[in-house]
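K.L.:
Submitted below is the structure of interest, expressed as structure tokens.
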Amino acid sequence: MSTTAASITFSRRNFLRTSSLASGGLLIGFNLFTACKSDVKPPIDLADLNYNDFNAFIKIAKNGAVTIFSPNPEIGQGVKTAMPMIIAEELGVAWDKVLVEQGVLDTENYTRQVAGGSQSIRFGWDALRQTGATARQMLVNAAAAKWGVDASELSVSEGVITNAAGETLGYGDVVDEAAKLEVPEEVTLKEPKDYKIIGTDQVNVDIDKIITGKPLFGLDYKVDGMVYAAVLRPPAFGQELESYDATEAKAMPGVIDVIKIGKKAKVLLGKEEVNWTAQLVPSEKVVVIAKTTWEAFKAKKVIKAQWKNASTLESTDYQDKKLNGLLDGNEFTTLREDGDVDKAFANADTVLERTYESPFLPHSCMEPMNFFANVTDKKIQLVGPIQTPEDAANTVAELLGRDVKDIHLEMTRQGGGFGRRLYGDFVYEVAEISDTIRKPVKMVSSREDDMTTGVYRPAIKYRIKAAIKNGKLTGYQLKEAAINGNMYGLIPNFFPAGAVENYRVDVANYESNITTGAWRAPYTNFLAYAEQAFFDEIAETMEVDKVQLRLDLLEKVKGTTDERIQYDPERMQAVLKLAVDKSGWGKAPEGTYQGVVAYYCHNSHVAEVADVQIENGMPVVKKVTCVVDCGIVINPLGAKNQIVGGVIDGVGHAMYGQFGFKDGVPTSTNYDTYRLIRMKEAPLVDAYMIQNELSPTGLGEPTLPPAGGAVANALKAATGKRIYKQPFMEDPDFWRVENKEILG
Amino acid sequence: MPKYNLNINGKPRSIEASADTPLLWILRDHLDMVGTKFGCGIAQCGACTVHVDGNAARSCSLPVASAEGKEITTIEGLSEDGSHPVQKAWKEVDVPQCGYCQSGQIMTASAFLKQNKNPSDAEIKNAMNGNICRCAAYNRIQKAVEIAAGNMG
Ligand code: FES
Ligand code: FES
Chain L
209 MSTTAASITF
219 SRRNFLRTSS
229 LASGGLLIGF
239 NLFTACKSDV
249 KPPIDLADLN
259 YNDFNAFIKI
269 AKNGAVTIFS
279 PNPEIGQGVK
289 TAMPMIIAEE
299 LGVAWDKVLV
309 EQGVLDTENY
319 TRQVAGGSQS
329 IRFGWDALRQ
339 TGATARQMLV
349 NAAAAKWGVD
359 ASELSVSEGV
369 ITNAAGETLG
379 YGDVVDEAAK
389 LEVPEEVTLK
399 EPKDYKIIGT
409 DQVNVDIDKI
419 ITGKPLFGLD
429 YKVDGMVYAA
439 VLRPPAFGQE
449 LESYDATEAK
459 AMPGVIDVIK
469 IGKKAKVLLG
479 KEEVNWTAQL
489 VPSEKVVVIA
499 KTTWEAFKAK
509 KVIKAQWKNA
519 STLESTDYQD
529 KKLNGLLDGN
539 EFTTLREDGD
549 VDKAFANADT
559 VLERTYESPF
569 LPHSCMEPMN
579 FFANVTDKKI
589 QLVGPIQTPE
599 DAANTVAELL
609 GRDVKDIHLE
619 MTRQGGGFGR
629 RLYGDFVYEV
639 AEISDTIRKP
649 VKMVSSREDD
659 MTTGVYRPAI
669 KYRIKAAIKN
679 GKLTGYQLKE
689 AAINGNMYGL
699 IPNFFPAGAV
709 ENYRVDVANY
719 ESNITTGAWR
729 APYTNFLAYA
739 EQAFFDEIAE
749 TMEVDKVQLR
759 LDLLEKVKGT
769 TDERIQYDPE
779 RMQAVLKLAV
789 DKSGWGKAPE
799 GTYQGVVAYY
809 CHNSHVAEVA
819 DVQIENGMPV
829 VKKVTCVVDC
839 GIVINPLGAK
849 NQIVGGVIDG
859 VGHAMYGQFG
869 FKDGVPTSTN
879 YDTYRLIRMK
889 EAPLVDAYMI
899 QNELSPTGLG
909 EPTLPPAGGA
919 VANALKAATG
929 KRIYKQPFME
939 DPDFWRVENK
949 EILG
Chain Y
859 MPKYNLNING
869 KPRSIEASAD
879 TPLLWILRDH
889 LDMVGTKFGC
899 GIAQCGACTV
909 HVDGNAARSC
919 SLPVASAEGK
929 EITTIEGLSE
939 DGSHPVQKAW
949 KEVDVPQCGY
959 CQSGQIMTAS
969 AFLKQNKNPS
979 DAEIKNAMNG
989 NICRCAAYNR
999 IQKAVEIAAG
1009 NMG
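So the protein lines, in turn, are chains L and Y.
The first sequence begins at 209 in the numbering used here and counts up by one.
The second sequence begins at 859 in the numbering used here and counts up by one.
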């Protein structure tokens, strides 16, 4: 189930290679996630760094300075700080002596340079530690040779090697010698108790640039001669471009040209089976090229385009009917089945059944989608914020009929991802634009473009049924009706799978022309609320304590031999117990109403308690206590930011996120018609992390899903009302508590 | 195209642009001052906040024509080196996640604290309510404003 992180000796050396740099110093190239080919060598010149076989590098210069070229995209989840911390720890240098630079993608063979699924740290943990430890060992071996002593007599601290006689050598003094040594067959990793950097609070490595407004993000990138592009896409999902008249637009100040793109993309991507890429490029598009962003935006508004209907123009009520039809029908795929669910329901004393509904959601990254491209005969330069650089480079190569080796892709800091920047539609667009006009160009989406031509979290409905017999939960059935896909991977095996003898998960979906995709914690972002609210109703029906019900169910999972069950019942009980303790569950002062949840996703265990109070007759979420077990915490300061942000994001979208369609056209276009949580509604989040020595797991996502459930359960406690639909605050009148005296 | 004389971070700047060009794009595209961010373009998110004559203003909704003759301060001009008490508090608390909204947050907070040296919790929430942080770093924003208030007072 869980791997421990105790001191391990590694002998697998085939994921890293070393070389000496022409300028002096040691360069270590390593691959975070796979082995290297046996014949590759890192470059001897930094200008030649390429990521074909190594996806990260460490440079130790002759003055002892350490530079880490960290390749993973930074979208606000803190890996640009946390990953180098792991290397620095094993390397044995002081954290403030380490410089971090964003790596560049230059390859077709690149593995897992993706920010998604809260997995960067989880997968990088072993490779990063081994690399740091190997470098340390080589430096120590070089010093031992110099002094003519055995390496085991030497100690290391903050980049300085000391021998038994008390003499010292800095790393810089031995780098050139170290570079000539063989990579050691075995290295020993530190014991967690000896950690000096891991587990300490470190401020975001880009903090100074952020607070002084330095160029960092894709939108800030600029080169001489660059022009701007604004893209006019179909106003409704299901429509295609028929014709357009750009006479007026072309006469506007600053406008350089108006062009059409999308033909190639349509042919290429249309070939693939229906998936997000195909959906994203269903139509040709009109593009304004201008000297400035504003001039491009303005001219776009006066283009007269005709659109034709190519497929169903969906409205929210149409989707609603479709999903209800799926739930009521019998075309399900069963993803997990234990025991005999039908029999359990037939024999039950009580059957409880509830249906939960959620709307579409846009990602609303603060930095709107944008990307830079400069396509020339020699090479293709792509720069900007993307969570899947490898995929983007490959698709652009295919789209433009070019060799992927011509592509040089550079990632900038990203103003939020939340899943949206996994999809590279905007990269393909800008590549095609630059290929057409042969100029360096930046495509910039307006907020309206971003919100109305998105890749949405699809609307989903869950119908959950519980069988209760002799005061016990004997059957549990979950039905999912979704759009363009269903829950995947191990989700059907999350809690309460394994805890109920007769258990079944059935899923069904229909294909829509609305582009849908991953949204922070896919599926679980809504599933957690549905199930955790349902557990409360089970407890109420069984007349048992809500916390005790969960603890008892978890008890049944202990000792399971089912490999699909990846959550650890003990870890889950532990977070729940601590949340109960820290939140004062059951002892809330008068006027405070609480809701509790425990959840597992993205390999982390989380429990949350929400506190709701009634203010001016309306429920308000005042506080959320959140306890997380994500194994070893690399950077608690950054980790807490993720935990707190995830909780507030979860509360915000559960309370306010409302997004619909009318004849294929999104009903919200910008932040005036789409409500995001703001300062005044943000609860205080009291965050705790379980201290242990288990391997680290994800943090970017797992605190979000349970938040909706905790709030729903607290709202019930505060108002006596159960809600089955998100967003909770869509109908404020539903919650108005006219007579406070009847409460509590 | 008309010419405008602006005063940005204490320096005179002369710009040629159409009268309705928002100050935001003058800063970003004409002057290469990209610290001021584009978030919504309709005065809803606060990412583009600058100071105009000392008050927080949404540069996305301020036409260049009406910015003439005013003293404009952007994040680049708040301090030379990040030493403004609000910037220091932001670093101390490690506020940012993605960081994109933060220059707007800092500009709103610094204009607010000039007017209210000793704000209550509720006053801070009120003052910062116009600035969206999609990463929801709101708890740390609150704390950083409190710390900055203490250091400015
Ligand atoms: S960009 Fe100006 S308020 Fe959003
Ligand atoms: S830090 Fe990402 S939007 Fe505020």
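From the three backbone atoms N, C-alpha and C, an ideal C-beta is built for every residue, glycine too.
If you pair each beta-carbon of the stretch 545-562 of chain L with each one of the stretch 465-474 of chain L, do three or more pairs fall below 8 Å?
P.N.:
Touching, no.
K.L.:
Whose C-beta lies closer than 8 Å to the C-beta of glutamate 375 of chain L among residues of the same chain, with five residues either side of it excluded?
P.N.:
Trp355
K.L.:
Along chain Y, in chain order, which residues have C-beta atoms closer than 7 Å to that of phenylalanine 568 of chain L?
P.N.:
Ordered by position in chain Y, no residue passes the 7 Å Cβ test against phenylalanine 568 of chain L, which lies about 17 Å from the chain.
K.L.:
Does the CB of arginine 998 of chain Y have a neighbour CB from chain L at under 8 Å?
P.N.:
yes
K.L.:
Between L:Asp894, L:Glu366 and L:Asn878, which lies nearest to aspartate 789 of chain L when the distance is taken from Cα to Cα?
P.N.:
Of the candidates L:Asp894, L:Glu366 and L:Asn878, the one whose C-alpha sits nearest the C-alpha of aspartate 789 of chain L is L:Asp894.
K.L.:
Examine chain Y for any beta-carbon lying closer than 8 Å to the beta-carbon of glutamine 338 of chain L, and answer yes or no.
P.N.:
no
K.L.:
Check whether the Cβ of phenylalanine 896 of chain Y lies closer than 7 Å to any heavy atom of ligand 1, and answer yes or no.
P.N.:
For ligand 1, at least one heavy atom lies less than 7 Å from the Cβ of phenylalanine 896 of chain Y.
K.L.:
For aspartate 760 of chain L and alanine 741 of chain L, I'd like the C-alpha separation in whole angstroms.
P.N.:
Whole-angstrom Cα-Cα distance: 17 Å.
K.L.:
Taking C-beta pairs closer than 8 Å, name the residues in chain Y that proline 576 of chain L reaches, listed in chain order.
P.N.:
Phe896 and Gly897
K.L.:
When you compare the stretch 901-914 of chain Y with the stretch 878-891 of chain L, are there three or more beta-carbon pairs, one atom per stretch, that lie closer than 8 Å?
P.N.:
Short answer: they touch.
K.L.:
Could you please give the first and the last residue of the uninterrupted alpha helix (DSSP H) stretch that includes methionine 965 of chain Y?
P.N.:
Counting along the chain, the alpha helix (DSSP H) containing methionine 965 of chain Y begins and ends at 960-973.
K.L.:
Could you tell me which uninterrupted beta strand (DSSP E) segments, each at least 3 residues in length, are contained entirely in the stretch 527-606 of chain L, listed from first to last along the chain?
P.N.:
Those beta strand (DSSP E) runs which fall completely within the stretch 527-606 of chain L and span 3+ residues are 541-546, 558-566, 578-583 and 588-592.
K.L.:
Once DSSP output is grouped into helix, strand and coil, what is the label at leucine 951 of chain L?
P.N.:
Since pLDDT at leucine 951 of chain L reaches only 46, below the 50 mark, its modelled position is unreliable, and no value is offered.
K.L.:
For ligand 1, is there a heavy atom less than 7 Å away from the beta-carbon of glutamine 774 of chain L?
P.N.:
no
K.L.:
Just to confirm the assignment: which complete beta strand (DSSP E) runs, minimum length 3, are found wholly within the stretch 345-372 of chain L?
P.N.:
363-365 and 368-370
K.L.:
With three or more beta-carbon pairs closer than 8 Å as the criterion, would you say the stretch 697-707 of chain L touches the stretch 643-655 of chain L?
P.N.:
When Cβ pairs closer than 8 Å are counted between the two stretches, the stretch 697-707 of chain L is seen not to touch the stretch 643-655 of chain L, the count staying below three.
K.L.:
Quick check on tyrosine 731 of chain L: buried or exposed, where buried means 16 or more other Cβ atoms within 10 Å of its Cβ?
P.N.:
buried
K.L.:
In chain L, which residues lie with their C-beta within 7 Å of the C-beta of arginine 992 of chain Y?
P.N.:
Ser572, Cys573, Met574, Gly624 and Leu884
K.L.:
For aspartate 941 of chain L, is the classification buried or exposed, using 16 other Cβ atoms within 10 angstroms of its Cβ as the cut-off for buried?
P.N.:
By the 10 Å Cβ count, aspartate 941 of chain L comes out exposed.
K.L.:
Closer than 9 Å, Cβ to Cβ, to anything on chain Y: give me those residues from the stretch 647-663 of chain L, in chain order.
P.N.:
Val652, Ser654, Arg655 and Glu656
K.L.:
List the DSSP bridge partners of glycine 378 of chain L.
P.N.:
Looking at the DSSP assignment, glycine 378 of chain L forms a beta bridge with L:Val368.
K.L.:
Identify, in the order they occur along the chain, each residue of the same chain with its Cβ nearer than 8 Å to the Cβ of arginine 944 of chain L, setting aside the five sequence neighbours on each side.
P.N.:
Gly825 and Met826
K.L.:
Is the CB of valine 910 of chain Y under 8 Å away from at least one CB in chain L?
P.N.:
no
K.L.:
What whole-angstrom Cβ distance do serine 523 of chain L and alanine 581 of chain L have, given they're in contact under 8 Å?
P.N.:
The pair is not a contact, with the Cβ atoms about 36 Å apart (cut-off 8 Å).
K.L.:
Give the DSSP-derived three-state secondary structure of glutamate 656 of chain L in the structure shown.
P.N.:
helix
K.L.:
In angstroms with no decimal places, state the Cα-to-Cα distance between valine 814 of chain L and glutamate 656 of chain L.
P.N.:
35 Å
K.L.:
If you follow the beta strand (DSSP E) that tryptophan 515 of chain L is in, where does it begin and where does it stop?
P.N.:
512-517
K.L.:
Based on the DSSP output, what are the partners of alanine 498 of chain L in its beta bridges?
P.N.:
L:Tyr436 and L:Val463
K.L.:
Verify the contact flag: cysteine 821 of chain Y, CB atom, against every heavy atom of ligand 2, threshold strictly below 7 Å.
P.N.:
Only positions 859 to 1011 of chain Y appear in the structure, and residue 821 of chain Y is not among them; the question remains open.
K.L.:
Taking C-alpha atoms, which residue in Y:Gly940, Y:Lys949, Y:Arg916 and Y:Lys928 lies nearest to threonine 862 of chain Y?
P.N.:
According to the sequence as given, residue 862 of chain Y is tyrosine; it is not threonine. Measuring from the Cα of tyrosine 862 of chain Y, the nearest candidate turns out to be Y:Lys928.
K.L.:
Taking 8 Å as the limit between beta carbons, can you name the residues of its chain near alanine 796 of chain L, skipping five residues before and five after?
P.N.:
Gln802 and Asp819, listed in sequence order.
K.L.:
Use the C-beta contact count for proline 860 of chain Y: other C-beta atoms within 10 angstroms, 16 or more gives buried, fewer gives exposed.
P.N.:
exposed
K.L.:
Find the residues of chain L that neighbour glutamine 973 of chain Y, judging by a C-beta separation of less than 8 Å, and give them in chain order.
P.N.:
What glutamine 973 of chain Y touches in chain L: nothing, since even the nearest Cβ is about 17 Å away.
K.L.:
Could you tell me the distance, in whole angstroms, from the CA atom of lysine 949 of chain Y to the CA atom of glutamate 926 of chain Y?
P.N.:
33 Å
K.L.:
Within the present structure, is the beta-carbon of arginine 886 of chain L separated from the nearest heavy atom of ligand 1 by less than 7 Å?
P.N.:
Relative to ligand 1, even the nearest heavy atom lies 7 Å or more away from the CB of arginine 886 of chain L.
K.L.:
For threonine 289 of chain L, I'd like the list of residues in its chain whose CB is within less than 7 Å of its CB, leaving aside the five on either flank, ordered along the chain.
P.N.:
Gln410, Asn412, Val413, Asn843 and Gly846
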